[in-house]
Structures are given as C-alpha cells and as structure tokens.
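Peer 1:
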Amino acid sequence: MKNKRGDLVGGLILIVLGLLFAAWRLLPGFREWLDFDFSWPLIVVGVGFVMLVLGLIGSEPGMAIPACIVMGVGGILWYQNATGKWESWSYAWALIPGFAGVGTVLSSLLGGKEKVVDGLYAVLTSLVLFVIFGSAFGAFGFLGDYWPILLIALGLFLLGRGFFRKSSVGGAQ
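Read left to right, the sequence shown gives residues 79 to 251 (my numbering).
What follows is the structure, given as structure tokens:
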C-alpha cells in the first residue's frame, strides 16, 4: 500500500511539473505572469515543500528535516533576490541549523519521537548565532561592540547544559 501511494503521488507531481514546464515553454503570457527573474527562489521552496509532502504521504516523518532545510534556504534566497542583499550570506548561513531544528521538531511531532527539545535547542542556538554574526558583520546595529558578550553567554549556556544533562546508563549521552 505504501509503494502504491508513493507511486500515485510521484506520478501526480510529475504530471503537474510537466504541465507547468509545458506552459512555460508554450505560453508567453505564463512567463510574464510568473516573472521568473524574481520568483526563481520559490522553486527551491517548492522542492522543499514537495519533499515534505512526500515524506508525510510516504509515512516518513524524517523527511521533514531535509525538507525544512531546503525550504529555509529557498526563503533566504528569496529574501536576497528580492532585496539584493546577497552579502547577508555572511551571517544568514547560521539559520540553516535552525531550519534543521524546525524539521526535527516537526519530525518528532509527526513520528512520535522525543526529539522536540533537541530541535528547539537547535533553533535557539541558530537564532543566537544569526544575531551574533549579523551584528558582527554590521547587519544589526543594536548590539554594537557588545556582540561578543552574546557569544560568551551562548558558550556558557552550552557548557552548563553539558554539565547538568542527565547521562544515560553507562555514562553515554
């Protein structure tokens, strides 16, 4: 049953993609309506969304992790394309572990695994790093010269979490 459902979804996706590409090639008005120069990053977001849907339909909640990463990178690319701020990659890369964290939370909620807290930690760490590097590279002016203090605080948090985390049997974590 699982393979049959996957084949049906895969077939439908290929048909829709074929129709879109045919319209792109054969209908000049479709190209103007889509404005590919501006909207190309949405293709990356769409690929991530398709990955997520395929994971949900195929009962593979773990697909939420790479799907969220791909959608997140597509969102960054869309922002950069819309604003022309391509230099934001110098700090926007720090969001990628957060996208994985969102995927981990989503995967845990869909699959019943107990990794929600780990995913939330990844999101929190990612956001803090984003703010630190964004401040260091001049994107955010509110931290000024004090952004290293946030880096130290994050390091102390991670050290404290490592010391106070309960270890499992045999001392392995």
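Every residue, glycine too, gets a C-beta built ideally from N, C-alpha and C.
For GLY179 and SER204, which I take to be in contact (beta-carbon distance under 8 Å), what is that distance rounded to the nearest angstrom?
Peer 2: Correct: roughly 6 Å between the Cβ atoms.
Peer 1: Quick check: the region 147-163 against the region 186-199, are there 3 or more CB pairs under 8 Å?
Peer 2: Short answer: they don't touch.
Peer 1: Is LEU105 helix, strand or coil by DSSP?
Peer 2: In the structure shown, LEU105 sits in coil (DSSP, three-state: anything other than H, G, I, E or B).
Peer 1: Given this structure, state the Cα-to-Cα distance separating ILE230 from LEU97, to the nearest angstrom.
Peer 2: Near 53 Å, if we compare the C-alpha coordinates of LEU97 and ILE230.
Peer 1: Would you check if there are 3 or more beta carbon pairs closer than 8 Å linking the region 127-139 to the region 174-190?
Peer 2: The answer is yes - the region 174-190 touches the region 127-139, with three or more Cβ pairs under 8 Å.
Peer 1: Please state whether the Cβ-Cβ distance between ILE174 and ILE147 is less than 8 Å.
Peer 2: Yes, the Cβ-Cβ distance between ILE174 and ILE147 is below 8 Å.
Peer 1: Quick check: does the Cβ of GLN158 come within less than 7 Å of any heavy atom belonging to the ligand MG?
Peer 2: This structure lacks the ligand MG, and indeed carries no ligand of any kind.
Peer 1: What span of residues does the alpha helix (DSSP H) with TYR157 cover, start to end?
Peer 2: Start and end: 142-161.
Peer 1: Just verifying my parser: in three-state terms, what is the DSSP assignment at ILE91?
Peer 2: Of the three classes helix, strand and coil, the one that applies to ILE91 here is helix, per DSSP.
Peer 1: Taking just the CA atoms, how far does PHE208 sit from TRP225?
Peer 2: Roughly 11 Å separates the two Cα atoms.
Peer 1: GLY124 lies in the alpha helix (DSSP H); which residues open and close that run?
Peer 2: First-last of the alpha helix (DSSP H) with GLY124: 119-135.
Peer 1: Span of the alpha helix (DSSP H) holding TYR169?
Peer 2: TYR169 -> alpha helix (DSSP H) spans 167-170.
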